[in-house]
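See below for the structure under consideration.
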Amino acid sequence: MGIRVSTSNPNDLLKELSINRNAEEQREPRKWGGVVVALILFIVICAIGVWYFKRDALMSVQVTHAIALKSSASGSVLDATGYVTARRMATVSSKVTGKVMEVLIEEGQRVALGDVMARLEPTDAKAQHALALAQEANARSQLATLQVQLKQANAQVKRNNDLLGQAYVSAARVEETIAQRDTLESQLQSAKHLLEVATRQTQIANNGLDNTIVRAPFSGVVISKAAQPGEIVSPLSAGGGFTRTGIGTLVDMSSLEIEVNVNEAYIGRVTPKMPVEAVLNAYPDWKIPAEVVAIIPTADRSKATIKVRIAIKSEDARIVPDMGVKVSFLEPKAAVKEENVMVGVRVPATVLQKQNGKVFAYVLGAENMVERRELTLGRTLGDDVQVISGLNGGETVVVSPSAELKAGTKVSVATPKA
-19 MGIRVSTSNP
-9 NDLLKELSIN
1 RNAEEQREPR
11 KWGGVVVALI
21 LFIVICAIGV
31 WYFKRDALMS
41 VQVTHAIALK
51 SSASGSVLDA
61 TGYVTARRMA
71 TVSSKVTGKV
81 MEVLIEEGQR
91 VALGDVMARL
101 EPTDAKAQHA
111 LALAQEANAR
121 SQLATLQVQL
131 KQANAQVKRN
141 NDLLGQAYVS
151 AARVEETIAQ
161 RDTLESQLQS
171 AKHLLEVATR
181 QTQIANNGLD
191 NTIVRAPFSG
201 VVISKAAQPG
211 EIVSPLSAGG
221 GFTRTGIGTL
231 VDMSSLEIEV
241 NVNEAYIGRV
251 TPKMPVEAVL
261 NAYPDWKIPA
271 EVVAIIPTAD
281 RSKATIKVRI
291 AIKSEDARIV
301 PDMGVKVSFL
311 EPKAAVKEEN
321 VMVGVRVPAT
331 VLQKQNGKVF
341 AYVLGAENMV
351 ERRELTLGRT
361 LGDDVQVISG
371 LNGGETVVVS
381 PSAELKAGTK
391 VSVATPKA
């Protein structure tokens, strides 16, 4: 058994044992590229974590409470709720049944007395008017003819009387002409009556033509539009659902008042001319001066209440019919001293913020969500200020808010320092 010796070239063996420097240089860039990518991913993850941390972290704020001052309703002897009603409200309709040709009103539109609200198709009314005019003209023509004939008859009677004295005509002839004259006088009186009848018929036709135009019965605001062109309207509801009974509803806003139902057990506290303070549910910060107009002398046996009418002393576009309202019946003495009573709420001056000429404060709402309230200020009370409107008292307001605080931001309340 012999030993096999390789006869390979020694140079080839040396090449196999040598290190390839180019291969190492090609692997190094790949190695460093992976490190850079990993570093970038680490930085991005850290940035996202910081952003989530800041997002979840709530802004801490200092707060205080708005303190209600003595209310002008401190002299209230009775409180009640009711609604705004209109003493003058009408569903405007036409006087005649007809087809609507044009409607000139819209909801919210103001109209004056006599303004045209709608027009009906006037074809039939125009025909009746033309017929009445023709009949009147015919009656006038007949009257004029009879007047001429009567004039001639009178002249003939006079002539025959003169001839009778000269014996040129007989007495019978004279009596015949007198009878003809008397007949013409009777016909003339009848023609005058017929002309009067024709004149009245023309006036009725004029009214019928005017009735095709629906006008506003008083000045007010349109609150509903009930008819459209092409529909049939009638002052009666004989047509059922296919016939409209009105063009629209009109309200005189100067006739608005308040109606409340007072429990009959407390009606003795209410007197006519009694001062009242009213607050609309839609505007809780607005106190409206009012006065008792009348106590309706009848009771509702099912509710054990008596209706009280209250006059509103100031007109305002914000007051509309059927709005809910709360009223406080005031003592007369309390009403006289009302000017000396401090109203509104009291807050530190540090809660006030100004922007674009408006004063506002940040109020904490549900779940510590910040709300922005615009304020109307009154007097300065040392380090505090009087807020007439915008706050009702008891609200939690932010003290010295930072510039980063915005409405809708959720915050945390800082613990007061000891």
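Using this note's numbering, the first residue of the sequence shown is number -19, and each one after it goes up by one.
Beta carbons: idealized from backbone N, C-alpha and C, even for Gly.
Since we're looking at a predicted model, the values are computed, not measured.
Anticipated Cβ contact below 8 Å, residue i with residue j, distance rounded
i: Pro264; j: Lys293; result: Rounded, the Cβ-Cβ distance is 19 Å, inconsistent with contact.
i: Arg153; j: Asn140; result: 6 Å
i: Lys306; j: Asp59; result: 7 Å
i: Arg289; j: Glu237; result: 6 Å
i: Leu189; j: Pro102; result: 6 Å
i: Leu130; j: Arg161; result: 7 Å
i: Val331; j: Thr44; result: 7 Å
Beta-carbon proximity of residue i to residue j, cut-off 7 Å
i: Val377; j: Ala48; result: no
i: Leu310; j: Pro255; result: yes
i: Asn261; j: Gly324; result: no
i: Val391; j: Asn336; result: no
i: Gln132; j: Thr157; result: no
i: Val231; j: Val201; result: yes
i: Gln42; j: Val339; result: no
i: Ala171; j: Leu111; result: no
i: Thr229; j: Ser204; result: yes
i: Asn191; j: Val76; result: yes
i: Ser74; j: Leu100; result: yes
i: Val272; j: Pro252; result: yes
i: His109; j: Ala159; result: no
i: Leu84; j: Met97; result: yes
i: Ala329; j: Val365; result: yes
i: Ser40; j: Ala394; result: yes
i: Ser235; j: Arg67; result: yes
i: Ile286; j: Ile227; result: no
i: Ala196; j: Asp95; result: yes
i: Val80; j: Val213; result: yes
N-terminal and C-terminal residue of the beta strand (DSSP E) that residue i is part of
i: Gln366; result: Asp364 to Ser369
i: Thr157; result: From DSSP, Thr157 is part of no beta strand (DSSP E) but of the alpha helix (DSSP H) over Ala151 to Asp190.
i: Gly337; result: Gly337 -> no beta strand (DSSP E), and no H or E assigned at all.
i: Ile407; result: Because residue 407 is not part of the residues shown, which for the chain are -19 to 398, the question remains open.
i: Ile203; result: Gly200 to Lys205
i: Ile268; result: Lys267 to Asp280
i: Met69; result: Met69 to Val72
i: Val231; result: Gly228 to Val231
i: Ser380; result: Where Ser380 is concerned, there is no enclosing beta strand (DSSP E), given that its DSSP letter is neither H nor E.
i: Thr360; result: Thr356 to Leu361
i: Arg195; result: Ile193 to Arg195
i: Ile238; result: Leu236 to Asn243
Counterpart residues of residue i in DSSP-defined beta bridges
i: Leu100; result: Val80
i: Arg326; result: Ile47 and Gln366
i: Leu111; result: Bridge partners of Leu111: none, in fact.
i: Phe309; result: Leu58 and Val256
i: Ser40; result: Ser392
i: Thr65; result: Glu237
i: Val350; result: Leu344
i: Arg464; result: Residue 464 is absent from the model: the chain starts at -19 and stops at 398.
i: Gln333; result: Phe340
i: Gly304; result: Tyr63
Any non-hydrogen atom of the ligand HEM within 6 Å of residue i CB
i: Gln335; result: The ligand HEM is absent from the structure shown, which contains no ligands of any kind.
So, do the region 203 to 214 and the region 235 to 242 have three or more beta carbon pairs nearer to each other than 8 Å? With a cut-off of 8 Å on Cβ pairs, the region 203 to 214 is not in contact with the region 235 to 242, counting fewer than three such pairs.
Count Cβ pairs between the region 364 to 378 and the region 348 to 355 that sit closer than 8 Å; are there 3 or more? Yes, the region 364 to 378 is in contact with the region 348 to 355.
Okay, do the region 342 to 352 and the region 378 to 389 touch, 3+ Cβ pairs below 8 Å being the bar? Touching, yes.
Does the region 114 to 122 come close enough to the region 177 to 186 to have 3 or more Cβ pairs within less than 8 Å? Counting C-beta pairs with one atom in each stretch, the region 114 to 122 and the region 177 to 186 have three or more that are closer than 8 Å, which means they touch.
Is there contact between the region 87 to 102 and the region 160 to 176, where contact requires at least three CB pairs shorter than 8 Å? Counting C-beta pairs closer than 8 Å gives fewer than three between the region 87 to 102 and the region 160 to 176, which falls short of the contact rule.
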